[in-house]
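Okay, so here's the structure we're looking at.
Protein chains: 2
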Amino acid sequence: MKYIDGGITSPKGFKAAGVASGIRKKGRKDVALVYSEQPAQAAAVYTLNKFQAAPLQVTKEHLKDGIAQAIVVNSGVANACMGQQGLMSAKEMAQITADCLLIKAEDVVVASTGVIGVPLPMELITKGIKDASKALSYDGGADAAEAIMTTDLVKKEVACQLEIGGKTVTIGAMAKGSGMIHPNMATMLGFITTDASIESDCLQHVLKKATDASFNMVSVDGDTSTNDMVAILANGLAENPKITMESEYLKDFEAAVTEVCIRLAKMIAQDGEGATKLIEVEVVGAKSLEDARKGARAICSSNLVKAAIFGEDANWGRIVTAMGYSGAEVDPSIVDVYIGELLVAEKGTGLKFDEEKASQILKQKEIKLKVDLNLGSEEATAWGCDLSYDYVKINADYRS
Amino acid sequence: MKYIDGGITSPKGFKAAGVASGIRKKGRKDVALVYSEQPAQAAAVYTLNKFQAAPLQVTKEHLKDGIAQAIVVNSGVANACMGQQGLMSAKEMAQITADCLLIKAEDVVVASTGVIGVPLPMELITKGIKDASKALSYDGGADAAEAIMTTDLVKKEVACQLEIGGKTVTIGAMAKGSGMIHPNMATMLGFITTDASIESDCLQHVLKKATDASFNMVSVDGDTSTNDMVAILANGLAENPKITMESEYLKDFEAAVTEVCIRLAKMIAQDGEGATKLIEVEVVGAKSLEDARKGARAICSSNLVKAAIFGEDANWGRIVTAMGYSGAEVDPSIVDVYIGELLVAEKGTGLKFDEEKASQILKQKEIKLKVDLNLGSEEATAWGCDLSYDYVKINADYRS
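Going down the list, the sequences are from chains A and B. In terms of my numbering, the first sequence opens at residue 56 and continues consecutively. In terms of my numbering, the second sequence opens at residue 56 and continues consecutively.
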């Protein structure tokens, strides 16, 4: 598997566009459209928040048959907590898209991100979708990636290729999400396209595995958005031997999708609101994968760890503290803690470490923390960012 | 039940002292001692963090018989993550205290709060305990309350009296904890004294109930310290009819202890690191008490809610979002949300509310948020504070 330049329009048969409809200020792009020339196998995973926004409800309904041909996304307004009106608007977004593209409304994935509790400006959205459908192109991926941004500072695109049964399969993806802890105008959205030929249930399986190891490991301090969604479309145009649950190619494909998702997840962490550093937390030696994940996520999400990293303070006690309340099985008397390569606590007890060296490590832009539980062989990695003054600033007065 | 001026030395037969031993800088008090003239029934609750600091382990052991006569606390060093050395030091603290007071080491409650992973300076502590034992007095409560502070800006004391069977029972208490999210030099500690006569198992029951409704409802963003502890000593000198599980007086006594704990909990929230506002979150209409508590705590702990309150932004979408991921049973289509008295969302849908009025409410120093789940009759209240620039500042470089 090798990375290539590109994004969601890199795989065969995908077009995209991103346009400014006027929902967001200053002429910023706010409507994205992705179109597959051929109906694609489709799968998605959704936020676990009990307040699921209207577009998620509509998308779930549309993906019941595992087929989709287009994705429509708007930024600026989340279309969440709008009751029946919200559902109507989400359905309308799908219908307008379908009309423009001459496909079925049931084959449209709908997503929104923005302020909660405000009605979608349907006139602007309608115009935006129409404009986007006219602007669709084989190199429109970057525009689409730009149109789904909110507080993101950089657009997030990835593409890669791998060989499956002698055929070149391409995977493209884009995401938005500016940090772990997301405001209502936040949300983590991910969209993956591929020309791989793959069975529907197998695609769902791959997406679930990939998101669990990537997007779900981006440090969320609990503020799981109402609108989070990751969707994948596979149109089969690569003409590889169809990937099934029994297929010898499944492992490679799954690894490639996972890699792509991890790369996007890291981009999201790095672009965290107010972030100055990327934090990567590895928990190894866990009894179960779930334990390793719980621990890595807890450390990555701890305000105290995040603030210490911002302050370049080798305060490993906070790492241990987060590990201790993560819910993972831990034996405090055998835990080792590393900051970068530096062992700072051994068997649960603080060492006299080289503060100078710790300080050098913490001056870097990417900080690696590692906890070895010494209990088993499972491990997991989570990504996050530091907690800075700017995080507070960005979130203190978001709506205005 | 009525509040009186005072603290842990208000009940009969309790003396206390707080002295500066030199552990902390600038001559700040750092060793606190509380002594009951007569062995007291004792109970305690401890942090759920798997890394329990040495003093907690020693206290647990000492309270197995439900009896204690003194409490010794130091601030500045947490004595956590120090392995065998830490256990030895905690035991030594108890022994020195016992020697000074001519009581059994097993009757001493030991607590520490401060930096993790640093050895206790036993020479200073020894001197501190000796000085404190000489300084013990019937009005030393305030000094003790001062000596357990770390980043706290104000000392936290409460006392109250109630009639039980014709006798006046006094309850005194002190706490430390400067905010919800505690650094390693943080920790929430609470100590309650009373001259009530009460059975040991009944005392444990009362303390558990009281802490669940108070200290455990102070918004902790998950950063549960390794050293959190709340202990209560009841020496019986009020000579009231002994309170038992069957006693008609149990309810009144439990209510009084709970009130005292809630008052301290609110003081802790108000004194949160960098806090500019106290947030009180009420979740009503829940199916279960646990659901109500989960929801109230999630909202109070949300960085996004906290940052919005700091910014005086009526961003109710964040309240709904936190409710949605809290794990509580929620039907999004029937939830009502209030900011102060102002209904901002009804049946899960945003209302066009008076922004001017919302702004006035959010300018106050105490902000009440309410969510009515409309599912049942259980309710709970949680307390927290806003997330400010100063929180980041305080926690970015704590050790230095």
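We put the CB at the ideal spot given by N, CA and C, even for glycine.
Annotation: Cβ neighbours of THR281(A) in chain B (cutoff 7 Å, chain order): THR376 and GLY379. Against chain A, a Cβ distance below 7 Å from THR404(B) picks out CYS136, MET137 and GLY138. Not a single CB atom of chain B sits nearer than 7 Å to the CB of TYR101(A). Approximately 5 Å separates the beta-carbon atoms of ILE171(A) and ALA135(A); this is inside 8 Å, confirming the contact. The beta-carbon separation of MET229(B) and ILE63(B), rounded to 5 Å, stays under the 8 Å limit for a contact.
In this structure, the alpha-carbon of THR331(B) lies about 14 Å from that of ASN358(B). Scanning the segment 124-177 of chain B for uninterrupted alpha helix (DSSP H) segments of 4 residues or longer gives 138-156, listed from N- to C-terminal end. At least one CB of chain B lies nearer than 7 Å to the CB of GLY372(A). Burial check for SER280(B): the Cβ neighbour count within 10 Å reaches 16 or more, so the residue is buried. As for any beta strand (DSSP E) of minimum length 3 sitting wholly inside the segment 247-320 of chain B, the runs are 284-289, ordered along the chain.
Taking GLU294(A) as the centre and dropping the five residues before and after it, the same chain places the C-beta of LYS222 closer than 6 Å to its C-beta, in chain order. Per DSSP, TYR380(A) is one residue of the alpha helix (DSSP H) stretching across 371-380. With fewer than 16 other Cβ atoms inside 10 Å of its own Cβ, MET300(A) counts as exposed. Per DSSP, the unbroken beta strand (DSSP E) holding GLU335(A) starts and ends at 333-341. In the DSSP assignment, ILE59(B) falls outside any alpha helix (DSSP H) and within the unbroken beta strand (DSSP E) covering 57-59. Bounds of the beta strand (DSSP E) holding LYS211(A) are 211-219.
Using a C-beta cut-off of 8 Å, the segment 315-329 of chain B makes no contact with the segment 404-414 of chain B, since fewer than three inter-stretch Cβ pairs fall below that distance. Cβ-Cβ separation between LEU175(B) and SER130(B): approximately 11 Å, too far for a contact (criterion under 8 Å). Put simply, of ILE287(B), GLN107(B) and GLU337(B) the residue whose alpha carbon is nearest the alpha carbon of GLY138(B) is GLN107(B). Going by DSSP, LYS222(A) is part of the beta strand (DSSP E) stretching over 222-231. Chain-ordered listing is empty here: chain B has no CB closer than 9 Å to the CB of GLY327(A), the nearest sitting near 12 Å. Under the DSSP assignment, ASP346(A) falls outside any beta strand (DSSP E), being part of the alpha helix (DSSP H) whose first and last residues are 344-356.
Boundaries of the alpha helix (DSSP H) around ALA109(B): 109-117. At the C-beta level, TRP438(A) and ALA324(A) come within 7 Å of one another.
As the crow flies, the alpha-carbon of VAL173(B) is around 56 Å from that of ILE253(A). A direct Cα-Cα distance of roughly 31 Å separates SER188(B) from GLY405(A). It is roughly 9 Å from the alpha-carbon of VAL375(A) to the alpha-carbon of VAL390(A).
In the three-state scheme derived from DSSP, where H, G and I count as helix and E and B as strand, LYS67(B) is classed as coil.
Within the same chain, and ignoring the five residues on either side of THR249(B) in sequence, the residues whose Cβ sits closer than 6 Å to its Cβ are PRO66, ILE226 and ALA289.
Per the C-alpha coordinates, the member of LEU305(A), THR266(A) and GLU218(A) positioned closest to CYS257(A) is LEU305(A). When PHE308(B), LEU292(B) and ILE151(B) are compared, the shortest CA-CA separation from LEU179(B) is found for ILE151(B). Residue contact check for PHE106(B) against chain A: a CB pair falls below 7 Å. The beta carbon of LEU442(A) sits closer than 7 Å to some beta carbon of chain B. Note that the C-beta distance between SER302(A) and SER356(A) is not below 7 Å. Beta-bridge analysis with DSSP links LYS423(A) to GLU335(A). At least one CB of chain A lies nearer than 7 Å to the CB of PRO387(B).
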